[in-house]
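Chemist: Chains as they are written, first to last, in our numbering: chain A, 6 to 122; chain B, 89 to 204. For glycine and all other residues, C-beta sits at the position ideal for the given N, C-alpha and C.
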């Protein structure tokens with residue numbers, strides 16, 4: 006049981022390049038999330054997915070797209086990377102989905118450190 | 089919009105002593121959830137403790153306990169018998185009621201140093 010896994014762990018991009026961050030969870034969770042963490046800040050939500058086939062914008066969605074490929078996988082894409090997107094990106098999952106319930110705790114992956122030059 | 093404030097950017101404690109980290113939040117909801125996460129240098133976000141707002145009893149997990157003051161919108165974390173492995177960033181987080189937004193709102197964190 007690996008929990009939440011993310012690839013890659015580190016990435017350096019040039020301005021304008023594109024890339025996809027991958028996230029997978031093996032806990033059979035319904036909900037998945039993408040956050041970014043900048044120095045001196047807490048985590049801020051980029052996008053989330055309450056269930057397979059649904060996605061919603063979070064606090065800072067501009068410049069990103071997401072795909073909920075299936076129940077296990079939730080990817081984050083940067084179409085044209087900018088230096089302002091230099092950050093550490095975290096994926097998380099929780100059991101709660103559209104049906105609700107008291108399964109509110111989010112479990113996090115190890116993060117991806119992205120640098121855009 | 090809900091906000092979470094951690095007023096102590098840094099704290100330090102001697103090994104084996106007790107330290108309290110502060111967190112306040114703003115919400116108009118009556119039912120919600122509060123969390124403390126630990127982030128060691130490895131960057132992994134680790135759940136320390138959670139509290140349901142409708143429960144009056146303060147949550148406890150081994151050496152970690154909270155002081156939840158709902159009227160004051162305060163949610164402090166107490167670490168007893170501090171250990172070197174407790175050194176990390178600690179983030180307070182808020183989540184709204186069931187059936188509403190599942191999003192976590194985080195504070196900016198408190199860096200805890202444990203001195204031997």
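1) Helix or strand or just coil, what does DSSP make of residue 172 (chain B)?
2) Ignore the nearest five residues each way along the sequence and tell me which others in residue 163 (chain B)'s own chain have a CB closer than 7 Å to its CB.
3) For residue 98 (chain B) and residue 128 (chain B), what's the separation of their Cα atoms in angstroms?
4) Answer yes or no: does any C-beta atom of chain B fall closer than 8 Å to that of residue 32 (chain A)?
5) Quick one: what's residue 180 (chain B) bridged to in DSSP?
6) Chain A beta carbons: is any one of them nearer than 8 Å to that of residue 132 (chain B)?
7) Here's the rule: buried if 16 or more other CB atoms are within 10 angstroms of the residue's CB, otherwise exposed. What is residue 33 (chain A)?
8) Could you check the C-alpha separation between residue 106 (chain A) and residue 55 (chain A) for me, to the nearest Å?
9) So with CB distances below 7 Å, who are the chain B contacts of residue 111 (chain A)?
10) Looking at the ligand SAH, does it come within less than 7 Å of residue 132 (chain B), judged from the CB to the closest heavy atom?
11) Let me make sure I understand the geometry here. Which of B:132, B:198, B:160 has the alpha-carbon closest to that of residue 11 (chain A)?
12) Count the other C-beta atoms from every protein chain shown that fall within 10 angstroms of the C-beta of residue 43 (chain A), then say buried if there are 16 or more, exposed otherwise.
13) I'd like to know if residue 163 (chain B) contacts chain A, where contact means its C-beta is closer than 8 Å to some C-beta of that chain.
14) Would residue 52 (chain A) and residue 97 (chain A) be called neighbours here (beta carbons separated by less than 8 Å)?
15) Kindly give me the distance between the Cβ atoms of residue 83 (chain A) and residue 68 (chain A), rounded to whole angstroms, as I take these residues to be in contact under 8 Å.
16) Could you pull out every residue in the same chain whose Cβ sits closer than 7 Å to the Cβ of residue 92 (chain B), ignoring the five residues on either side in sequence?
17) Consider the Cβ of residue 71 (chain A): report whether some Cβ of chain B lies at a distance smaller than 8 Å.
18) Go ahead and pull the three-state DSSP assignment for residue 90 (chain A).
19) Under the assumption that residue 141 (chain B) contacts residue 120 (chain B) (Cβ atoms under 8 Å), give the Cβ distance between them as a whole number of angstroms.
20) Which residues in the same chain as residue 121 (chain A) place their Cβ atom closer than 7 Å to its Cβ, once the five residues preceding and following it in sequence are excluded?
21) From the beta carbon of residue 122 (chain B), is the nearest beta carbon of chain A less than 8 Å away?
22) Tell me residue 51 (chain A)'s beta-bridge partners as DSSP assigns them.
23) How many whole angstroms separate the CB atoms of residue 165 (chain B) and residue 108 (chain B), which I take to be in contact at a CB cut-off of 8 Å?
24) Measuring straight from C-alpha to C-alpha, what distance separates residue 152 (chain B) and residue 100 (chain B)?
25) Within a Cβ cutoff of 7 Å, which residues of the same chain sit near residue 176 (chain B), ignoring the five residues on either side of it in sequence?
Modeler: Concretely, from the data shown:
1) helix
2) 111, 113, 122, 139, 154, 156, 180
3) 14 Å
4) no
5) B:124
6) yes
7) exposed
8) With a pLDDT of only 44 at residue 106 (chain A), under the threshold of 50, the placement of this residue in the model should not be trusted, and no figure is reported.
9) 192
10) Annotation note on the ligand SAH: not contained in the displayed structure, which lists no ligands.
11) B:132
12) exposed
13) no
14) no
15) 7 Å
16) 111, 113, 180, 181, 182, 193, 194, 195
17) no
18) helix
19) 5 Å
20) 18, 20, 86, 87, 88, 90, 91
21) no
22) Its beta-bridge partners do not exist; DSSP assigns none.
23) 7 Å
24) 16 Å
25) 126, 127, 128, 200
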